[in-house]
Amino acid sequence: MLYVCAERGVVNPTLGAERAEQEGRAFAAARGIAIVETITDPHGQPDPMCRKGWRRVRDLARRGEAEMVIVRWPTALAPDRAQDLRHREIDELLKQGVSVRYSWAPLSQTGTVR
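Under numbering that gives the first Met the number 0, the first residue of the sequence shown carries the number 0, and numbering increases by one thereafter.
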């Protein structure tokens, strides 16, 4: 699945989310990964569990309906000042057998878990 949580721009409020989605789809296509669902959240809430979309990600992982989550970069999960929240969420997904990949990684890399 593709998770998009991007800051809204002043001039073009949807541009960040559009770019994040395009980048995630390109990342998946280059690796032969099928995206079965795109889940979005508004930017601004540092705790992923306070976001409706992220709770859906966790639910799909818990039910075994996801193998991978593609995210543009780590701060889309939680800002750097709240890295513990990011690690908590990644660890929870890993327990469910779901990997996290960052789409900003060059094509020669697969992204990192943290």
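No residue lacks a Cβ here, since even glycine has one placed at the ideal position from N, Cα and C.
Residues sharing a beta bridge with residue i, DSSP
{"i": "cysteine 49", "result": "Looking at the DSSP assignment, cysteine 49 forms no beta bridge with any residue, so it has no partner."}
{"i": "arginine 100", "result": "Ile69"}
Host beta strand (DSSP E) of residue i (start-end)
{"i": "leucine 1", "result": "1 to 5"}
Where residue i falls: helix, strand or coil (DSSP)
{"i": "proline 41", "result": "strand"}
{"i": "glycine 31", "result": "coil"}
{"i": "glutamine 82", "result": "helix"}
{"i": "threonine 74", "result": "helix"}
Neighbourhood of residue i by C-beta distance below 6 Å, restricted to the same chain and skipping five residues each side
{"i": "alanine 75", "result": "Cys4"}
{"i": "alanine 81", "result": "Pro45"}
{"i": "serine 102", "result": "Glu22, Gly23, Phe26, Ile69 and Arg71"}
{"i": "isoleucine 34", "result": "Leu1 and Ala27"}
Contacts around residue i, its chain only, beta-carbon distance under 8 Å, and the 5 residues preceding and following it disregarded
{"i": "methionine 67", "result": "Met0, Ile32, Val97, Ser98, Val99 and Arg100"}
{"i": "glutamate 91", "result": "Arg57 and Ala60"}
Beta-carbon contacts of residue i that lie in its chain and below 7 Å, excluding the five residues immediately before and after
{"i": "arginine 85", "result": "Pro73, Leu76 and Ala77"}
{"i": "methionine 48", "result": "Arg54"}
The alpha helix (DSSP H) enclosing residue i, as first and last residue numbers
{"i": "glutamate 64", "result": "Per DSSP, glutamate 64 belongs to no alpha helix (DSSP H) and is neither H nor E."}
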